[in-house]
Amino acid sequence: MDVENIKQKAAMLRERVEALLQGYRSERVPLYPFLLGFCARNVGYPISSIYTDPVKSFMAQLWTFEQYGFDGVPEFGYASYGGWEFGGEVKFPNSEWEQAPMHGRFAVQSEEDVEKLKLPNVKTDGMLPMAMEFSKLQDKFGMPISIVLGGNFTIAGNICPVEKLCRWMIKKPELAHRILRLATDHIIEVVQYWVDTFGAERVMPKIWEPLAANSILSPKQFEKFVLPYVIETNKKILAMGIKHIFYHICGEQNLNLPYWAQVPMGNPGIVSVGHQVNLTRAIEYFGNTCIIAGNVEPAIIQSGPPQKVYELCRECIGKGKYAPRGFMLMPGCEIPPMSPPYNVYMMRKAVEDFGRYNR
Amino acid sequence: MTSEERTREILKGLYDAVVEYDEEAAVKWSKKALEEGIDAYTAITQGLAAGMEKVGELYANYEYFVPELLSCADALYAGLEVLRPHVKVKQVETKAKIVLGVIEGDIHDIGKNLVKIMFDAAGWVVYDLGKDVKLEKFVEEQQRTSAEVVGISSLMSTTMLAMPKVIKMIKKQNPNVVVMVGGAPLNLEIAKQYGADGYAKNAGEAVKEAVRLVNMKKKDSVHAK
Chain A
1 MDVENIKQKA AMLRERVEAL LQGYRSERVP LYPFLLGFCA RNVGYPISSI
51 YTDPVKSFMA QLWTFEQYGF DGVPEFGYAS YGGWEFGGEV KFPNSEWEQA
101 PMHGRFAVQS EEDVEKLKLP NVKTDGMLPM AMEFSKLQDK FGMPISIVLG
151 GNFTIAGNIC PVEKLCRWMI KKPELAHRIL RLATDHIIEV VQYWVDTFGA
201 ERVMPKIWEP LAANSILSPK QFEKFVLPYV IETNKKILAM GIKHIFYHIC
251 GEQNLNLPYW AQVPMGNPGI VSVGHQVNLT RAIEYFGNTC IIAGNVEPAI
301 IQSGPPQKVY ELCRECIGKG KYAPRGFMLM PGCEIPPMSP PYNVYMMRKA
351 VEDFGRYNR
Chain E
1 MTSEERTREI LKGLYDAVVE YDEEAAVKWS KKALEEGIDA YTAITQGLAA
51 GMEKVGELYA NYEYFVPELL SCADALYAGL EVLRPHVKVK QVETKAKIVL
101 GVIEGDIHDI GKNLVKIMFD AAGWVVYDLG KDVKLEKFVE EQQRTSAEVV
151 GISSLMSTTM LAMPKVIKMI KKQNPNVVVM VGGAPLNLEI AKQYGADGYA
201 KNAGEAVKEA VRLVNMKKKD SVHAK
């Protein structure tokens, strides 16, 4: 590896995002990456390598971002995070149709299992050693350090099947709260470990929260079972000296927006929303404190004609471009690995054509 | 002979037990129905299942969410356990059959499980293949059971790419079967593009859509004759 060459590439890839974090806009809207398996396929690696081989994962993303003009640096993680770390099993993608790691066995199957749950060792358990190896690559190449984690409710739903968790929320809330307590303590411990290793100035936690969506939870349930834990987590993370938290509010979360707006995300935070979320409303809720990123529908990037992808990007840019703390064009969730390359390029073309600011 | 008023009261008790996700009440009212000579089939269809139909509406209208829906289903099944052994065989209407499963490569089955609950409650015969179901298995199970409907679910945008293939395989063996798809990355437009007959946005709407499609197929085949 040519360290200086990679350092240079990485510096260029993050210029526009760095500018927004520092409070000013560059010449156009950044194009923020959310593509993992696509990068592996793009450079001829198996999809699983993105999740199991930190070096290949890092390089595949770096090369792909450079090729497509994404403004961001590689990251390491997946939405099923938490299950393996708490004693369950995760299965990495290895068949024609698989996209990302999935649950093999859940750590919690019964009420008794909840009592036996223990906090993972953040240095040795699950995928964390690989994530640390990946962050050391980020460090080596002078990049910001990210650690990707599930949100509090998502980790809880990865420790125990989400249907069970939902039933316990109504019938045995103390069990749901115990799992959420452990998930919360775990996130804080992981971030503390990263801060101890790299320094708070350089670490940006990236938290993905798909399971707290309104396709599962009501806003009232969100208020009771999610919000207090998220607020506590982020307050403690920010108290470590971290400046920015990246939150991917995944899926249908329109009814939760008033609650999410109460969560401290840093100055500024970054909030990325799914395609189901009304982008204009998201800007109303978070725009004064956070950079907003979103929200091109991934299924259209995969299946739609290029013109439709381009048009969706134009609409998103139109809504977000002048958000007070900035806007980044981003897919509403991970770009599916099988997406046609030209559709992915449409995002780049759209930011070039519609994302420029008048100077 | 139970009075009409008492019958109504017991049926309402069953209905409310499901809507209010009260398992104990569902068992209590089911036992009362049997003790007081109310026909078990009537108690199921006009009490428990009617309650679950209301739950489906509440879910589709964002008044109930997954925790409530699952808890209502628990109440439904608790009542069914008491009543089902007392249903006379000849009373059971021949309802339609559905094969359900989450497509190959995908293990996210909560949506499929909710759909199963709604079809169960509506009295359909459900053949649940589970999750990560090989494409051939959908074809084999439809042929084995002669199900009128096959319901296929996917949560991942990658696994949904297998849908056109499996729909083609099913239709090749039996062009008259209704194939429905569902799951977060799908919509009606993609469903049509993939060759599916129907799509339901959520579990609450799936049964109605299936009934509509099956009736349409029947009409079409009558006209064809």
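One line per chain: the protein sequences are A and E, in this order. In this text, residue positions in the first sequence follow this note's numbering: the first is 1, and each later residue adds one. In this text, residue positions in the second sequence follow this note's numbering: the first is 1, and each later residue adds one. Think of the CB as a built atom: it goes at the ideal place given N, C-alpha and C, for glycine as much as any other residue. Since the structure is predicted, the reported quantities are computational estimates derived from the model, not experimental observations.
Hey, how far is the Cα of residue i from the Cα of residue j?
i	j	result
residue 60/A	residue 40/A	6 Å
residue 216/E	residue 102/E	25 Å
residue 367/A	residue 279/A	Coverage of chain A is limited to positions 1 through 359, which leaves residue 367/A absent and any answer about it impossible.
residue 148/E	residue 168/E	16 Å
residue 196/A	residue 130/A	17 Å
residue 144/A	residue 9/A	13 Å
residue 109/E	residue 108/A	17 Å
residue 212/A	residue 38/E	43 Å
residue 78/A	residue 195/E	31 Å
residue 219/E	residue 146/E	18 Å
residue 31/A	residue 162/E	30 Å
residue 94/A	residue 164/E	21 Å
residue 184/E	residue 154/E	7 Å
residue 212/E	residue 100/E	18 Å
residue 10/E	residue 64/E	24 Å
residue 354/A	residue 19/A	19 Å
residue 147/A	residue 74/A	11 Å
Nearest CA to the CA of residue i: which residue from the options?
i	options	result
residue 76/E	96/E, 7/E, 50/E, 58/E	50/E
residue 88/E	40/E, 217/E, 206/E, 74/E	40/E
residue 21/E	79/E, 167/E, 180/E	79/E
residue 206/A	172/A, 245/A, 317/A, 193/A	245/A
residue 48/A	75/A, 10/A, 92/A	92/A
residue 140/E	155/E, 172/E, 114/E, 164/E	172/E
residue 313/A	264/A, 15/A, 331/A	331/A
residue 26/E	37/E, 3/E, 52/E	52/E
residue 66/A	53/A, 33/A, 56/A	33/A
residue 204/E	144/E, 36/E, 112/E, 130/E	112/E
residue 161/A	110/A, 220/A, 149/A, 142/A	110/A
What are the start and end residues of the beta strand (DSSP E) that includes residue i?
i	result
residue 70/E	Looking at the DSSP string, residue 70/E is not in any beta strand (DSSP E); the run it does join, the alpha helix (DSSP H), is 66-83.
residue 140/E	Unbroken run through residue 140/E is the alpha helix (DSSP H), 135-145; no beta strand (DSSP E).
residue 29/A	Looking at the DSSP string, residue 29/A is not in any beta strand (DSSP E), and its letter there is neither H nor E.
residue 182/E	178-182
residue 206/A	203-209
residue 91/A	89-91
residue 128/E	125-128
residue 377/A	Within the shown structure, residues of chain A are numbered from 1 to 359, placing residue 377/A beyond reach of any answer.
residue 102/A	102-105
residue 76/A	Element bounds for residue 76/A: n/a, residue is neither H nor E.
Does chain E have any CB closer than 9 Å to the CB of residue i?
i	result
residue 255/A	yes
residue 100/A	yes
residue 6/A	no
residue 112/A	no
residue 97/A	yes
residue 57/A	no
residue 383/A	Past the boundaries of the shown model lies residue 383/A; chain A is included only from 1 to 359, so the question cannot be answered.
residue 302/A	yes
residue 172/A	no
residue 67/A	no
residue 44/A	no
residue 216/A	yes
residue 299/A	yes
residue 116/A	no
residue 209/A	no
Along the chain, where does the alpha helix (DSSP H) containing residue i start, and where does it finish?
i	result
residue 59/E	49-60
residue 63/A	54-68
residue 348/A	341-354
residue 298/A	298-303
residue 157/A	152-159
residue 81/A	Note, residue 81/A: premise wrong, no alpha helix (DSSP H); not H, not E.
Is residue i close to chain A, meaning its C-beta is less than 9 Å from at least one C-beta of that chain?
i	result
residue 106/E	yes
residue 66/E	yes
residue 21/E	yes
residue 261/E	Residue coverage of chain E in this structure runs from 1 to 225, which leaves residue 261/E outside it and unanswerable.
residue 206/E	no
residue 146/E	no
residue 185/E	yes
residue 62/E	yes
Let me check you understand the geometry: is the CB of residue i closer than 8 Å to at least one non-hydrogen atom of the ligand NAP?
i	result
residue 173/E	Among the ligands in the structure shown, none appear at all, so the ligand NAP cannot be discussed.
- Item | Three-pair Cβ contact test at 8 Å for the region 287-298 of chain A versus the region 311-325 of chain A | yes
- Item | Cβ contact (3+ pairs, closer than 8 Å) linking the region 342-358 of chain A and the region 297-308 of chain A | yes
- At a Cβ cut of 8 Å, what residues of the region 224-251 of chain A count as close to chain B, listed as they run along the chain? Absent from the structure: chain B. Protein chains present are A and E.
- Query: Quick one: any contact between the region 81-88 of chain A and the region 118-135 of chain A, if contact means 3 or more CB pairs under 8 Å?
  - Reply: yes
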